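>
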């Protein structure tokens, strides 16, 4: 025991001699060795941390593209007000999830070089799909993201992951709290005309422009199925009390140039809106000024891209998106076809994707013909969106009163040609476009189907008008804004020349008016729309126009869509 006590005292004495910064529990030499030694537990923890970080990064790299694609789809559905509790939406999420998983494999498992190329490339495409950047800024963004990816790859992935997840949460919350009823996709603007009631001594005026509505003598040029269509149209309108103008035509083959010309009675024949213009809000137009001065209560329904609600005198004005995904609801279009439209719409959001695809489309055409619809056209739903708005317009006629002027611009029978004569929707694989590709005869037959659908709706409209005194007394004006344009191209100055028939197909347009008390029939002569509208105004909007017949002249455009050259049109004679 005493020996042990001496050892304890010696250890205690040594502890007193240890420097203050040394471990008081160990001799100095032992402490130094302990400091240099690596604890097995610490070593294991560090090893686990080192292996865990790349695993988390790889996992994030696999998942991020799924989230990105889901965020893009959710953004599209939210913008269009499309309900998410549908079979096509569920399948679209599954499909995009699979594509995102493949992108994750490509970026994470093919080596660091491809990782630092593909990751910023996919990220730039995702940004382009969200914001629509032009090709120059696309490459600038790609270069910047490639540098960031190379220097701070994990941080880059984390930011992109977090941003995509935030979009999904935000959009999902918004859609969950939104009203999922069918609803009306149109938007009503503030009234610029404080006149709820028009003059009771004036009959109501119904004025509808039907986009791409070919004139009767344009149809008469054949072939036989067009001549049959002409007879059907003439018989229908004359039977319903209309005066029809078989050789009416538009000065322009483009809506953005045609409408300002006719609304100004031809004083702006050189209306210039270049190709690619997405939105026009024209200044006050004489036609609507004249209606306002006659105390009409003016209301309108029209596509948002040619916005008359801003500067025209209107007591009520609604715009609608010309191509809206919700127009596919309540149709017999299959889930597969709806998903296709989702996909084409997403791809068309990217300017760069459209440009790259168009290059391949041109190359395919030069190699001997491309029979596949162009990507730029495959997301368009113009007829479906307009069909729903026309139905709404017809339903609202029950409240028509004298002194009202109700105007509408309807994108029918505008392409794509997707409707059967009974207005049911054809499968997406059968849809066709005015300029092709595809055989001219197939496009013209499909166009004729869409005209017959329109005729069915016009019959519904006239039946609705017949139910009310104001409707039976109303003046009704239906006309087109240009021809069917079923030709290789629009009338362009330096393009390969169109045949005489193709020129007529571009400019010939429908015009028919019903004036109570005036006899129906075909009105001879060749008349521009602006001439007809000017004479209608000169007759105080109370009787059918009879302007003098003048040789037709129309504007050819340059490659940018600007009218640059006036030419005499060929004869309407077959």
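Numbering (full-length UniProt numbering), first residue to last: 1 to 574.
The C-beta atom is built at its ideal place from N, Cα and C for all residues, glycine as well.
Keep in mind the model is a prediction, meaning the values are calculated, not measured.
Helix, strand or coil: how does DSSP classify residue 435 here?
Here residue 435 is taken as the residue at index 435 of the chain shown, counted from 1. Of the three classes helix, strand and coil, the one that applies to residue 435 here is coil, per DSSP.
> Curious, which full-length alpha helix (DSSP H) runs of at least 4 residues does the stretch 42–125 contain?
The qualifying runs are 87–109.
> How is the beta strand (DSSP E) around residue 568 delimited, first residue to last?
Stepping through the chain shown from its first residue, residue 568 is reached at position 568. Element bounds for residue 568: 563–568.
> Is the stretch 189–200 touching the stretch 463–481 in the sense that three or more CB pairs, one from each, lie closer than 8 angstroms?
Short answer: they don't touch.
> Given a cut-off of 8 angstroms, decide if residue 318 and residue 188 are closer than it, judged by their beta-carbon atoms.
Here residue 188 refers to the residue found at position 188 when the chain shown is read from its first residue. Here residue 318 refers to the residue found at position 318 when the chain shown is read from its first residue. Yes, Cβ-Cβ distance for residue 188 and residue 318 is below 8 angstroms.
> Flag this pair as yes or no: are the beta carbons of residue 526 and residue 479 separated by less than 8 angstroms?
Against the chain shown, residue 526 aligns to sequence position 526. Against the chain shown, residue 479 aligns to sequence position 479. Cβ distance not < 8 angstroms, so residue 526 and residue 479 don't count as in contact.
> Tell me whether residue 224 is buried or exposed, calling it buried when 16 or more other Cβ atoms sit within 10 Å of its Cβ.
In the chain shown, the residue the question calls residue 224 occupies position 224. By the 10 Å Cβ count, residue 224 comes out exposed.
> Roughly how far, in whole angstroms, is the beta-carbon of residue 297 from the beta-carbon of residue 323, given that I think they are within contact range, below 8 angstroms?
Locating residue 297 in the chain shown gives position 297, counting from the first residue. Locating residue 323 in the chain shown gives position 323, counting from the first residue. Contact flag wrong, Cβ pair sits at about 30 angstroms.
> Round the Cβ separation of residue 60 and residue 157 to the nearest angstrom and send it over; I've been treating them as touching at under 8 angstroms.
Taking the first residue of the chain shown as position 1, residue 60 is located at position 60. Taking the first residue of the chain shown as position 1, residue 157 is located at position 157. Going by Cβ atoms, the distance from residue 60 to residue 157 rounds to 5 angstroms, so yes, they are a contact pair.
> So, at 8 angstroms on beta carbons, what are the nonlocal neighbours of residue 571 in its own chain, with the 5 sequence-adjacent residues on each side left out?
The count along the chain shown starts at 1 and reaches residue 571 at position 571. Contacts found: 500.
> Give the DSSP-derived three-state secondary structure of residue 341 in the structure shown.
The sequence position of residue 341 within the chain shown is 341, counting from 1. Residue 341 falls in the helix class under three-state DSSP.
> Three Cβ pairs or more, each shorter than 8 angstroms: is that satisfied between the stretch 135–155 and the stretch 340–359?
Because the criterion of three Cβ pairs below 8 angstroms is met, the stretch 135–155 and the stretch 340–359 touch.
> Tell me which same chain residues have a C-beta within less than 6 angstroms of the C-beta of residue 119, skipping the five on either side of it?
Within the chain shown, residue 119 is the residue found at index 119, counting from 1. Excluding residues within five positions, the ones whose Cβ falls inside 6 angstroms are 107 and 149.
> Would you mind reading off the limits of the alpha helix (DSSP H) that contains residue 236?
Here the question's residue 236 lines up with position 236 in the chain shown. Per DSSP, residue 236 belongs to the alpha helix (DSSP H) from 224–239.
> From residue 409 to residue 249, what does the alpha carbon distance come to, in whole angstroms?
In the chain shown, the residue the question calls residue 409 occupies position 409. In the chain shown, the residue the question calls residue 249 occupies position 249. Between residue 409 and residue 249, the C-alpha separation is close to 17 angstroms.
> Just to confirm my understanding: we take residue 441, look at its own chain, exclude 5 residues before and 5 after, and list those with CB closer than 8 angstroms. What are they?
Looking up residue 441 in the chain shown gives position 441. Hits under 8 angstroms: 223.
> Going by beta carbon distance, what residues of the same chain come within less than 6 angstroms of residue 167, once the five residues before and after it are set aside?
Against the chain shown, residue 167 aligns to sequence position 167. Excluding sequence neighbours, residue 167 sits near 71.
> Note down, in chain order, each residue of its chain lying with its Cβ closer than 6 angstroms to the Cβ of residue 529, except the 5 sequence neighbours on either side.
Counting from 1 along the chain shown, the entry for residue 529 is found at position 529. For residue 529, where only same-chain residues beyond five positions count, the Cβ hits under 6 angstroms are 250 and 262.
> For residue 278, count neighbouring C-beta atoms within 10 Å of its own C-beta (all shown protein chains included) and say buried if the count is 16 or more, exposed if not.
Here the question's residue 278 lines up with position 278 in the chain shown. Exposed is the call here.
> Note the first and the last residue of the continuous alpha helix (DSSP H) segment covering residue 393.
Taking the chain shown and counting its residues from 1, the one referred to as residue 393 is at position 393. Where residue 393 is concerned, the enclosing alpha helix (DSSP H) stretches over 382–396.
> I need the boundaries of the alpha helix (DSSP H) containing residue 209, first residue and last residue.
As a first step, residue 209 must be located in the chain shown, where it is residue number 209. Run containing residue 209: none in the alpha helix (DSSP H); it sits in the beta strand (DSSP E), 205–210.
> Closest by CA to residue 522, which one among 389, 426 and 216?
Here residue 522 is taken as the residue at index 522 of the chain shown, counted from 1. Of 389, 426 and 216, the residue nearest in Cα terms is 216.
> Using the three-state DSSP reduction, which class does residue 302 fall into: helix, strand or coil?
Taking the first residue of the chain shown as 1, we reach residue 302 at position 302. Strand.
> Going straight from the alpha carbon of residue 299 to that of residue 404, what length do you get?
Numbered from its first residue, the chain shown carries residue 299 at position 299. Numbered from its first residue, the chain shown carries residue 404 at position 404. Roughly 8 angstroms separates the two Cα atoms.
> What residues are listed by DSSP as bridge partners for residue 508?
For the purposes of this step, residue 508 is taken as the residue at position 508 of the chain shown. Answer is 249.
> Use the C-beta contact count for residue 40: other C-beta atoms within 10 angstroms, 16 or more gives buried, fewer gives exposed.
In the chain shown, the residue the question calls residue 40 occupies position 40. Confidence in residue 40 is poor, its pLDDT being 46 and thus under 50, which makes the residue's placement unreliable; the coordinate value appears in the next sentence. Looking at its Cβ environment, which holds fewer than 16 other Cβ atoms inside 10 Å, residue 40 is exposed.
> Taking residue 76 as the reference, give the member of 433, 325 and 254 with the closest Cα.
To locate residue 76, count along the chain shown from 1; it is residue 76. That would be 325, whose Cα lies nearest to the Cα of residue 76.
> Mapping DSSP to helix, strand and coil, what is residue 573?
The residue labelled residue 573 in the question sits at position 573 within the chain shown. Three-state DSSP puts residue 573 in coil, outside helix and strand.
> Run the CB neighbour count on residue 505, radius 10 Å, all protein chains shown included, and call it buried at 16 or more, exposed below.
As a working mapping, residue 505 is identified with position 505 in the chain shown. So residue 505 ends up on the buried side.
> Buried or exposed: which applies to residue 566, given that a residue is buried once 16 or more other Cβ atoms fall within 10 Å of its Cβ?
Counting from 1 along the chain shown, the entry for residue 566 is found at position 566. With fewer than 16 Cβ atoms within 10 Å of its Cβ, residue 566 is classed as exposed.
> According to the Cβ coordinates, are residue 486 and residue 444 closer than 8 angstroms?
On the chain shown, position 486 is the one that residue 486 refers to. On the chain shown, position 444 is the one that residue 444 refers to. Yes, Cβ-Cβ distance for residue 486 and residue 444 is below 8 angstroms.
> Out of 436, 295, 413 and 227, state which residue places its alpha-carbon closest to the alpha-carbon of residue 402.
In the chain shown, counting from the first residue as 1, residue 402 sits at position 402. The shortest Cα separation from residue 402 among 436, 295, 413 and 227 belongs to 295.
> Starting from residue 556, follow its DSSP beta bridges and name the residues at the other end.
Locating residue 556 in the chain shown gives position 556, where the first residue counts as 1. Per DSSP, 565.
> For the 8 angstroms Cβ check, are there 3 or more pairs between the stretch 325–337 and the stretch 78–87?
Verdict: yes, contact present.
> What does DSSP give as the partner residue(s) for residue 213 in the beta ladder?
To locate residue 213, count along the chain shown from 1; it is residue 213. Paired residues: none, contrary to the question.
> Based on DSSP bridge pairs, tell me the residues matched to residue 528.
Taking the chain shown and counting its residues from 1, one reaches residue 528 at position 528. DSSP, once it has assigned bridges, lists 249 as partnering residue 528.
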